[in-house]
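Participant:
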Amino acid sequence: FLFPLEGVTCWTPYGCANVNFRAGATAGYYEGSAAWYVKYQIYRFTFANIPPGVYRLLSTCELYRDGTLVKTYWRNIDTGLTIEVVEAPPPAPNVFISQVFVSPTTVGVGKPVKITVVVANTGEATGSLIVTTTVNGVTIDKRTVTRTPRLYAGYYLYFTPQKAGTYRVEADGKAASFTAV
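Okay, so the sequence shown: first residue is -10 according to this note's numbering, each after it adds one.
The following block contains the structure:
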């Protein structure tokens, strides 16, 4: 007996110790199985590496003792259920600005401030992002940054304030500030 739930779920009758499911098509069958020795069980099957297509599910339930087949409850019964296998989308990047830092946060006029822009990729593929960095709304740098999967890495810029005041550094929505005295 089958119910669609996160893959294929099997409810087995008393004493059923070995349950096999076959996803069948004209090209052949793909099998999943489980073994247990208790009264009732729910088991989720995952079929892997099946090419795209529509498959019907067949069920077999057999009782084994010490590796010997004792009884077949049913064999290759058509469950009336089908599964459709579709091709998974390709891995995607997820590139974004993680943080912006400035150092020092207080600096003398005419002295450089180090700006660190941390670019992350939490995706599963290499990706790029065009990053625009501004100080008080004026663009000081624009570049394309490429990151491999699961990488956080920063790059550095330097800005020298020419007059006293508070400066806001922003890179694609992430910001930091410093004061020139």
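Virtual Cβ for every residue (Gly too), placed ideally from N, Cα, C.
Determine the direct distance from the alpha carbon of residue 119 to that of residue 137, and round the result to whole angstroms.
Facilitator: Those two C-alpha atoms are separated by around 15 Å.
Participant: Which class does residue 88 belong to by DSSP, given the choice of helix, strand or coil?
Facilitator: Note: residue 88 maps to strand in three-state DSSP.
Participant: Using the Cα positions of residue 148 and residue 140, report the straight-line distance between them to the nearest angstrom.
Facilitator: Answer to the nearest angstrom: the Cα atoms are 26 Å apart.
Participant: The beta strand (DSSP E) with residue 171 in it runs from where to where?
Facilitator: The requested residue 171 does not occur in the structure, where the chain is confined to residues -10 to 170.
Participant: Taking only the alpha-carbon atoms, compute the straight-line gap between residue 159 and residue 70 and give it to the nearest angstrom.
Facilitator: Each residue's Cα considered, the two are about 55 Å apart.
Participant: Tell me whether the beta-carbon of residue 97 lies closer than 9 Å to the beta-carbon of residue 169.
Facilitator: Contact flag set, yes.
Participant: Judging by CA-CA distance, which residue of 78, 113, 45, 135 is the nearest neighbour of residue 65?
Facilitator: Checking every option, the nearest Cα to that of residue 65 belongs to 45.
Participant: For residue 115, does the three-state DSSP call read helix, strand or coil?
Facilitator: Note: residue 115 maps to coil in three-state DSSP.
Participant: Could you round the C-beta distance between residue 111 and residue 161 to whole angstroms and report it? I think they count as a contact, below 8 Å.
Facilitator: So it is not a contact: roughly 16 Å between Cβ atoms.
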